[in-house]
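Number of protein chains: 2
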Amino acid sequence: WGRRQAINSAATLEHCLQWMERLGWLENFDRVARGEAAPSRPGWQFSDSEVYKLLEAMAWDLARTPDAGLEATFDALVDRIGAAQDDDGYLNTAFGHPGRPPRWSDLAMGHELYNAGHLIQAGVARFRTGHDDRLVEIARRAADQICEEFGEGGLDAVCGHPEIEVALVESGRALGERRYLEQARLFIDRRGRGTLPVRPLLSAEYFQDDVPVREAAVLRGHAVRALYLTAGALDVAVETDDDELFDAVTRQWEHTVARRTYLTGGMGSRHQDEGFGDDWELPADRAYCETCAGVGSIMLAWRLYLATGEVRYADLIERTLFNVVATSPSADGTTFFYANPLQQREPGAPAGDGVNRRAEGGIRAPWFDVSCCPTNVARTLASLGSYVASVDTEGLALLQYAAGEVRAGGFVLRIDTAYPAEGIVRVHVVEAPDGVRRLRLRIPSWAPDASLRVGDGDPMPVEPGWADVTRRFAAGDRVVLELPTSPRFTWPDPRIDGVRDTVAVERGPLVLCLESTDLPDGISLDDVRAVTSSAPVAHGDGARLTATVDARETVDGAFPYGSRRPSATRTAPLDLALVPYHRWAERGPATMRVFLPVGE
Amino acid sequence: WGRRQAINSAATLEHCLQWMERLGWLENFDRVARGEAAPSRPGWQFSDSEVYKLLEAMAWDLARTPDAGLEATFDALVDRIGAAQDDDGYLNTAFGHPGRPPRWSDLAMGHELYNAGHLIQAGVARFRTGHDDRLVEIARRAADQICEEFGEGGLDAVCGHPEIEVALVESGRALGERRYLEQARLFIDRRGRGTLPVRPLLSAEYFQDDVPVREAAVLRGHAVRALYLTAGALDVAVETDDDELFDAVTRQWEHTVARRTYLTGGMGSRHQDEGFGDDWELPADRAYCETCAGVGSIMLAWRLYLATGEVRYADLIERTLFNVVATSPSADGTTFFYANPLQQREPGAPAGDGVNRRAEGGIRAPWFDVSCCPTNVARTLASLGSYVASVDTEGLALLQYAAGEVRAGGFVLRIDTAYPAEGIVRVHVVEAPDGVRRLRLRIPSWAPDASLRVGDGDPMPVEPGWADVTRRFAAGDRVVLELPTSPRFTWPDPRIDGVRDTVAVERGPLVLCLESTDLPDGISLDDVRAVTSSAPVAHGDGARLTATVDARETVDGAFPYGSRRPSATRTAPLDLALVPYHRWAERGPATMRVFLPVGE
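For the record, the sequence lines run as chains A and B.
Under our numbering, read the first sequence as residues 55 to 654, first letter to last.
Under our numbering, read the second sequence as residues 55 to 654, first letter to last.
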């Protein structure tokens, strides 16, 4: 993760900035500042939010590794944005200015509150990293204006794309503004009453305006919207001690994870509305699994973890970080996946330097028409440090494993690990707080044979869940966790039609996949069958698997349904290499499968 | 089919007319006739085409069963439409008039030529049923104007939605206008050169503007567009003796039927763009299988049959008629399916009397926002008689079996059958032409044990393909075909991931399905497993099947992927009733499956 953060810092931030300049998304702010009419403004109505997400990423990154050049870039960007803010705090380049539609004239699809939410989040990031400067002030004024406009007695409305809710609670917490929280509560309570006009071919489910949050049973509709909204609802529930709302969110998360989530942690199986499908509707090939939905799922699981301390939420965060968030950017941090399917049937065509539609074709692209994912990855990677550990009154919990230093709750810990390539995590206590403290380590649910060694003691078996070490800690103490990372078979529930009678291979927190790149010549990925009588074995950071290949009776039939049960002659076993899914498509166009049909 | 035609005539035509009046689609014509500005014209840009498709249906229906009331309704409708035609022949209510965008200003999405195509087809239907009256004249003027505008040296462009191509060839044939054919050829040749501007999130494939028709390997993009275009291309190939184009169409059809077609004959597996998916991308649950794509597939297969006389095309027409076209309308002909999935996971909610978005939810709806399907079903049912038989120099071929009279090629045949409920088809010769003639009967590919009895002779086994009787026929001759209609198992190609290790049951030309309505209480359709060691048996017009039910170890897991291979305890065998797929959802909201997972 450290390497990814460095690439994010060195390449991705600048990459995003250049694209936004090139496409005129920054110039939009200048034009508003100059008071010029902009009837043909470039960018979607939510392009402002990309700029704010980039600012948020920069703010986190500056706290991670201060850099004078980035600081100057950041300040200049804040100035350009600030110059476009109206006197009353309203800030948006697509509405409310000459040549543009009036403010709040298209709440369903206009994304005005969504944009403001990301501006406010950027302000929170700046504030939380120790600054109370111009960006914070801009965000505060924007939030104030929204409270004026949409508060009790004001506009009784919600935004088609949730985001303002989490932003208001977070800024309310950070800045100590209770009325921001109150405004978020209003937005949550107003939702689900069918007030948003529905576009042709969409439905109220699309924006979660079909059922009030506290009555809903499961996440549905547009996945990113559903996840952002539910994260905001949990924030409100926690801050207002609203048990009913809290239980509603927990119930929805449980149902969604049990029946509407991919092995990768990806969410959303429909392209049509970028939405959740029905229960068990989880096709591998048309998995949408938008990168931003992965980010949204982490936002929700993180809030649920903080509210409950339950390990299952941190488990899902790990799964999603390694297999969705890490899958989107290329190794060099300048091309991205928007959708993250678990099967690629046709090798993609290189995306080139242009604006890609959505990078659905198995090739990462430098930028998208709707380009929400690159900046969402950037802000997540830049703030990854926050997800590593948590503290409570008892002590410190280590949630995610990566080499580096953890400073929290009076502890300074040095973590030494090659995780996930290896399963050994060495925790060195550099500084310890006074008194008896609990140091707890997360044992992932995939690791039933883990062991923990405290100091020079013997390794003791630990079960998935928490491994606690409660004692008076001192500098020089050492705890070593060993997680087994042999590749393993993982079987889907038979109710998931799209992957019936298939098996996947995982290794530690990584989902693996088979790419056509690793097949012998002349063999189609369609015909490969996994042999499950022998376990897969470790190979590099992936695995090797025994497989056979169906030899077909005829080259092809005229119609793919017949009166005879298909039976194929199979080749002698082959040994095939699987690679981590997050690295797929790095070696050129390929077909790919996470789930392999079982051959015996 | 006769009953369906009667319902179509008695209920569907009037139903469509009333909806069009109610929604203002007819008033659009009156407004243009009056010269009134219509800045907020109701209906999509293609609503005119619905009116024309209804006219076409009425024209065919009037020829089938003359009716003075319908004739008067038809004439009045033609008058309203004619009044909106411009002096130069241009006729469109969405473009080219006060308050509307100019003519041909949005060829990609404006559907102007598409609308004109359906107008011309309605004119052809009227002409072919023995009238050369006002509608024919209106259509002729519209076609002339298009030739003026888009001919050699004119606008070098194509329409985003094909349809004008088939319409021009058909009217060129009917009216003897060679230049209509020439214009169609120009449209076919111009396509596939990327001239249509691509909307966000779509691609040139969507309108088959990615590759010239003669170079394409398979049907792709929006299924209805692809099928209409290819039908037009075949027409052009036949009329101009263009073997290259002919071979290209045959190749695309073969590839599409072998790898991109559902068991029902349905085409199009993607909701996002109403399009074809990749090879083998045929999920049962998200099958789009638009009703109109079924109509388009019949149009294409019919043209291929007429050009080649090959039985395989007539086979696909039968499959598609019984399992797509017949599935869309309800028994009473006033509600319709737009999409025809092969699996319904959640029972739908009743659609009510409103405009449904797309009836994807397992309930037929009276009308849709984009309401192309009801009128397409209506014109197909009204003209069904044309698909029953064909003649050539050798004699007559019977292609589809239904009770009724066939008059063609000098023959008058009375067909006596309860097909498909029963497999016996009795052909009585009422009149016969002079000389030796060939009477051929299609033996469907699903009927390997068919037999044919000529006169008082013994039944002789006949193979799938053609069964020919060549002789001097005389009134009173009799031929009896017996097709076995025991229910049978049908197995999908293992490369279709969405239905791996499942089986379907067919009976004669009918695909059957299992509805939750026919399950014992407390059993979920998700858990039913087909037992294939004993064959299904006939039951009503469906079948009875032996099945077991998975009993789960736990009510539900937290995450639907685990380290143990799923194995379920199964119940004792149950006997379940399957019904014809085309009748599903007639008994209230239900879940449904065509393909059942195999239990042993």
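Note that CB positions come from ideal geometry on N, CA and C, so glycine has one too.
Quick caveat, the model's predicted, so the values are computed rather than measured.
Thinking just about the alpha-carbon of each residue, which of the options is nearest to the one in residue i?
i: arginine 245 of chain A; options: A:Gln262, A:Leu235, A:Arg232 and A:Leu229; result: A:Gln262
i: glycine 464 of chain A; options: A:Arg157, A:Phe149, A:Met112 and A:Leu493; result: A:Leu493
i: isoleucine 135 of chain B; options: B:Gly153, B:Ser101 and B:Val379; result: B:Ser101
i: tyrosine 106 of chain B; options: B:Ala221, B:Ala380, B:Tyr359 and B:Ala117; result: B:Ala221
i: glycine 562 of chain A; options: A:Ile478, A:Pro487 and A:Arg619; result: A:Ile478
i: leucine 375 of chain B; options: B:Pro634, B:Trp114, B:Val424 and B:Ala113; result: B:Pro634
i: valine 378 of chain A; options: A:His172, A:Glu344, A:Ala385 and A:Gly402; result: A:Glu344
i: proline 515 of chain B; options: B:Ala501, B:Val431 and B:Ala179; result: B:Ala501
i: valine 591 of chain A; options: A:Pro574, A:Leu568 and A:Val559; result: A:Val559
i: threonine 471 of chain B; options: B:Cys426, B:Glu536, B:Ser437 and B:Thr434; result: B:Glu536
i: glycine 552 of chain A; options: A:Gln397, A:Asp264, A:Ser257 and A:His172; result: A:Gln397
i: alanine 475 of chain A; options: A:Leu566, A:Thr249, A:Leu506 and A:Asp555; result: A:Leu566
i: valine 466 of chain A; options: A:Gly509, A:Thr539, A:Pro487 and A:Gly363; result: A:Pro487
i: threonine 586 of chain A; options: B:Thr556, B:Asp555 and B:Arg618; result: B:Arg618
i: phenylalanine 181 of chain A; options: A:Ser225, A:Leu506 and A:Asp289; result: A:Ser225
Suppose you measure from the CA of residue i to the CA of residue j; what does that come to, to the nearest Å?
i: phenylalanine 204 of chain A; j: isoleucine 218 of chain A; result: 12 Å
i: glycine 14 of chain A; j: aspartate 296 of chain A; result: Since the first and last residues shown for chain A are 55 and 654, residue 14 of chain A lies out of range.
i: phenylalanine 330 of chain B; j: glycine 616 of chain A; result: 22 Å
i: threonine 623 of chain A; j: glycine 653 of chain B; result: 22 Å
i: aspartate 121 of chain A; j: alanine 457 of chain A; result: 22 Å
i: histidine 185 of chain B; j: proline 152 of chain B; result: 34 Å
i: histidine 69 of chain B; j: cysteine 346 of chain B; result: 18 Å
i: glycine 97 of chain A; j: leucine 354 of chain A; result: 29 Å
i: alanine 92 of chain A; j: alanine 64 of chain A; result: 34 Å
i: arginine 227 of chain A; j: leucine 235 of chain A; result: 8 Å
i: alanine 443 of chain A; j: aspartate 512 of chain A; result: 25 Å
i: alanine 341 of chain B; j: phenylalanine 422 of chain A; result: 28 Å
i: valine 603 of chain A; j: threonine 147 of chain B; result: 58 Å
i: alanine 361 of chain A; j: aspartate 522 of chain A; result: 19 Å
i: alanine 87 of chain B; j: leucine 67 of chain B; result: 24 Å
i: aspartate 210 of chain B; j: glutamate 259 of chain B; result: 19 Å
i: glycine 177 of chain B; j: glycine 143 of chain B; result: 14 Å
i: valine 609 of chain B; j: isoleucine 550 of chain A; result: Its pLDDT being 46, under 50, valine 609 of chain B is placed unreliably by the model, and the measurement read from it follows with that caveat. One C-alpha to the other measures close to 16 Å.
i: arginine 647 of chain A; j: leucine 273 of chain A; result: 27 Å
From the DSSP secondary-structure annotation, give me the bridge partner or partners of residue i.
i: isoleucine 478 of chain B; result: B:Glu536
i: isoleucine 497 of chain A; result: A:Gly519
i: valine 483 of chain B; result: B:Leu467
i: serine 646 of chain B; result: Correcting the residue identity first, residue 646 of chain B is methionine in this sequence and not serine. Note: methionine 646 of chain B sits in a beta bridge opposite B:Gln398 and B:Glu569.
i: valine 460 of chain B; result: B:Leu467
i: valine 445 of chain B; result: B:Leu450
i: arginine 526 of chain A; result: A:Val490
What do you reckon, is the C-beta of residue i under 7 Å from a heavy atom of the ligand ADP?
i: valine 652 of chain A; result: Because no ligand of any kind appears in the structure shown, any question about the ligand ADP cannot be addressed here.
Quiz item: Which residues, in chain order, does the segment 608-627 of chain B contribute to contact with chain A at a C-beta distance below 8 Å?
Solution: Asp610, Gly611, Ala612, Phe613, Pro614, Tyr615, Gly616, Ser617, Arg618, Arg619, Pro620 and Ala622
Quiz item: Which of the residues in the segment 421-444 of chain A, read from start to end, lie with their CB under 7 Å from any CB of chain B?
Solution: Asp423
Quiz item: Curious, which full-length alpha helix (DSSP H) runs of at least 4 residues does the segment 72-154 of chain A contain?
Solution: 81-88, 101-118 and 122-136
Quiz item: Using Cβ-Cβ distances below 9 Å, what residues of the segment 325-358 of chain B are close to chain A?
Solution: His325, Gln326, Asp327, Gly331, Asp332, Asp333, Trp334, Glu335, Leu336, Pro337, Ala338, Asp339 and Arg340
Quiz item: Relative to chain B, which residues along the segment 534-566 of chain A have a C-beta separation below 9 Å, given in chain order?
Solution: Arg542, Phe543, Thr544, Trp545, Pro546, Asp547, Pro548, Arg549, Ile550, Asp551, Gly552, Val553, Arg554, Asp555, Thr556, Val557, Ala558 and Glu560
Exercise. Mind checking the segment 304-323 of chain B against chain A and listing, in chain order, the residues whose C-beta falls within less than 8 Å of any C-beta there?
Key: Glu308, Val311, Ala312, Arg313, Thr315 and Leu317
Quiz item: Can you list, in chain order, the residues of the segment 70-99 of chain B whose Cβ is nearer than 9 Å to any Cβ on chain A?
Solution: Trp98
Practice problem: Write down every uninterrupted run of the beta strand (DSSP E) in the segment 303-327 of chain A whose length is 3 residues or greater and which is fully enclosed by it, in chain order. | Solution: none
Exercise. List in chain order: all unbroken alpha helix (DSSP H) runs of 4+ residues lying wholly within the segment 174-231 of chain A.
Key: 188-204 and 218-229
Exercise. Pull out every residue of the segment 251-284 of chain A whose Cβ sits closer than 9 Å to any Cβ of chain B, in chain order.
Key: Val252, Pro254, Leu255, Leu256 and Ser257
Exercise. Go through the segment 538-624 of chain A residue by residue and report every complete run of the alpha helix (DSSP H) that reaches 4 residues or more, in order.
Key: none
Quiz prompt | Contact residues within the segment 574-607 of chain B, judged by C-beta distance below 8 Å to chain A | solution = Asp580, Asp581, Thr586 and Asp604
Quiz item: If you measure beta-carbon to beta-carbon, which residues of the segment 165-193 of chain B are closer than 8 Å to chain A?
Solution: none
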